[in-house]
Amino acid sequence: MARRKKIYEGKAKILFEGPEPGTLVQYFKDDATAFNAEKKAVIEGKGVLNNRLSEFFMTGLNNIGVPTHFIKRLNMREQLIRSVEIIPLEVIVRNFAAGTLAKRLGLEEGTALPRPIVEFCYKDDSLGDPLVAEEHIIAFGWASQQDLDDMLALALRVNDFLSGMMMGVGIRVADFKIEIGRVWEGDFMRLIVADEISPDSCRLWDIKTGQKLDKDVFRRDLGDLADAYTEVARRLGVLPAASAVSKPTLIN
Ligand code: C5P
Numbered sequence: 001m002a003r004r005k006k007i008y009e010g011k012a013k014i015l016f017e018g019p020e021p022g023t024l025v026q027y028f029k030d031d032a033t034a035f036n037a038e039k040k041a042v043i044e045g046k047g048v049l050n051n052r053l054s055e056f057f058m059t060g061l062n063n064i065g066v067p068t069h070f071i072k073r074l075n076m077r078e079q080l081i082r083s084v085e086i087i088p089l090e091v092i093v094r095n096f097a098a099g100t101l102a103k104r105l106g107l108e109e110g111t112a113l114p115r116p117i118v119e120f121c122y123k124d125d126s127l128g129d130p131l132v133a134e135e136h137i138i139a140f141g142w143a144s145q146q147d148l149d150d151m152l153a154l155a156l157r158v159n160d161f162l163s164g165m166m167m168g169v170g171i172r173v174a175d176f177k178i179e180i181g182r183v184w185e186g187d188f189m190r191l192i193v194a195d196e197i198s199p200d201s202c203r204l205w206d207i208k209t210g211q212k213l214d215k216d217v218f219r220r221d222l223g224d225l226a227d228a229y230t231e232v233a234r235r236l237g238v239l240p241a242a243s244a245v246s247k248p249t250l251i252n
C-alpha cells in the first residue's frame with residue numbers, strides 16, 4: 001500500500017498531501033502544548049473535538065462569505081483543506097484583557113477593551129512568536145499594506161461571527177488567534193482563513209460563571225481539558241447532550 005506523504009508536522013496537527021493538487025489533509029493530534037511547548041501532555045479525544053469544532057466554525061464562516069481553507073471533514077481526526085501559502089503572522093483579536101496583553105499592559109484579566117484590538121505576532125517558535133508592528137511586517141516583506149488591510153478586515157469579520165455565535169450559547173470570546181494564507185485564483189491572489197479555529201486557539205469564558213472552556217484549563221491546571229472542550233461542542237450542538245458525561249461521540 002502506498003504511504004501518503006507527510007508535508008509538515010506541528011505541535012497539534014499534521015499535514016499530509018491531499019488527493020488533488022492544491023489540497024491537503026489536516027490531521028488533529030491529541031497532543032496539547034503550552035508555553036512554546038515547555039508544557040506537554042496527550043489529552044485523549046482533543047484531536048477529535050478540535051477537528052469537529054474547527055469544521056463547525058470554518059463551515060459557518062464559509063457560509064457567510066468569509067473564505068477559509070476548509071473543504072470537508074474526512075473522518076474523526078482529518079479534514080480536507082485547501083493548500084495555502086501561510087503568511088508568517090499570528091493574527092490575534094482581543095475583546096477582553098487576558099494572557100499576554102493583560103501581562104504586558106498590567107490590565108486585570110477580564111477587563112472589557114474599548115474596542116476589539118488586533119495584534120500581529122511573527123510566527124517563529126525559536127523567538128517565542130514575538131509581537132510585531134505593521135512597520136516590521138511591511139519592512140520585512142511578510143505582507144503588503146494591502147494584505148494587512150485585508151487581514152484586519154478578515155480578522156474583525158471572524159471576531160463578529162465567533163463572538164455572536166458563542167454569545168448565543170452563553171460563552172464570551174475573550175480573544176482568539178487565526179492564521180491567514182494566500183491562494184491563487186488565476187492571476188488573482190486572495191487571503192483566506194487557514195489553520196484551525198478551536199478552543200486551543202481561543203479564550204472562551206462562560207458568561208454567567210466565568211468558567212474557562214479553552215486551553216487555559218491546561219495551561220493553568222484548572223481541570224480536565226477534554227471536558228471543557230466537550231462542553232463547548234455540546235452547547236454548539238456538535239455533540240449530543242448525553243455525551244457531556246461520557247467522552248466525545250460524534251453525531252453524523
Ligand atoms: O498568549 P496570548 O494572550 O497572546 O494569546 C492570545 C490568544 O491567541 C489566545 O486565545 C491564545 O490561545 C491564542 N494563541 C494561539 N497560539 C499561539 C499564541 C496565542 O492560539 N501561539
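All the letters of the sequence shown, read from the start, carry residue numbers 1 to 252 under full-length UniProt numbering. For each residue, glycine too, the CB sits at the ideal point set by N, CA and C. As the structure is a computational prediction, the values presented were derived from the model and not from experiment.
Determine, using beta carbons only, whether residue i and residue j come nearer to each other than 8 Å.
| i | j | result |
| --- | --- | --- |
| A153 | N95 | no |
| R52 | V238 | yes |
| K215 | W205 | no |
| K11 | Y27 | no |
| D195 | E185 | no |
| R172 | I207 | yes |
Give every residue of the same chain whose Cβ lies closer than 8 Å to the Cβ of residue i, excluding the five residues on either side of it in the sequence, and list them in chain order.
| i | result |
| --- | --- |
| D150 | L191 |
| A102 | E108, E109 and T111 |
| F176 | I92, V93, V158, N159, L162, I197, S201, C202 and R203 |
Mind reading off the beta-carbon distance from residue i to residue j? Whole number of angstroms is fine, and I expect it under 8 Å.
| i | j | result |
| --- | --- | --- |
| E85 | G181 | 6 Å |
| S198 | N50 | 4 Å |
| R203 | G99 | 7 Å |
| F120 | L89 | 5 Å |
| A41 | R219 | Actually they do not touch by this definition, with Cβ atoms about 11 Å apart. |
Please go through the same chain and pick out, in chain order, the residues whose beta-carbon is closer than 7 Å to the beta-carbon of residue i, but skip the five residues on each side of it.
| i | result |
| --- | --- |
| L61 | T68, V158, F161 and V193 |
| K29 | A12, K13, I14 and G47 |
| V245 | At V245 the pLDDT is 46, less than 50, meaning the model places this residue with poor confidence and gives no usable figure here. |
| S37 | Residue identity check: residue 37 is Ala in the sequence provided, not Ser. Result list for A37: K11, in chain order. |
| F16 | R4, K5, K6, I7, L24, V25 and Y27 |
| V66 | L154, R157, V158, F161 and V193 |
| L148 | E134 and I137 |
Going by C-alpha distance, which of the options is nearest residue i?
| i | options | result |
| --- | --- | --- |
| D221 | I43, A112 and G164 | I43 |
| P19 | H136, D31 and K72 | K72 |
| I117 | A143, M76, A97 and D129 | A97 |
| D31 | R77, F57, P21 and A143 | R77 |
Could you pull out every residue in the same chain whose Cβ sits closer than 6 Å to the Cβ of residue i, ignoring the five residues on either side in sequence?
| i | result |
| --- | --- |
| V132 | F120 and Y122 |
Mind pulling the alpha helix (DSSP H) runs of 4 or more residues that sit fully within the stretch 85–144?
-> 99–105 and 134–139
3-residue-minimum beta strand (DSSP E) runs that sit fully inside the stretch 171–241, ordered along the chain = Counting only runs of 3 or more, we get 171–185, 188–194 and 202–206.
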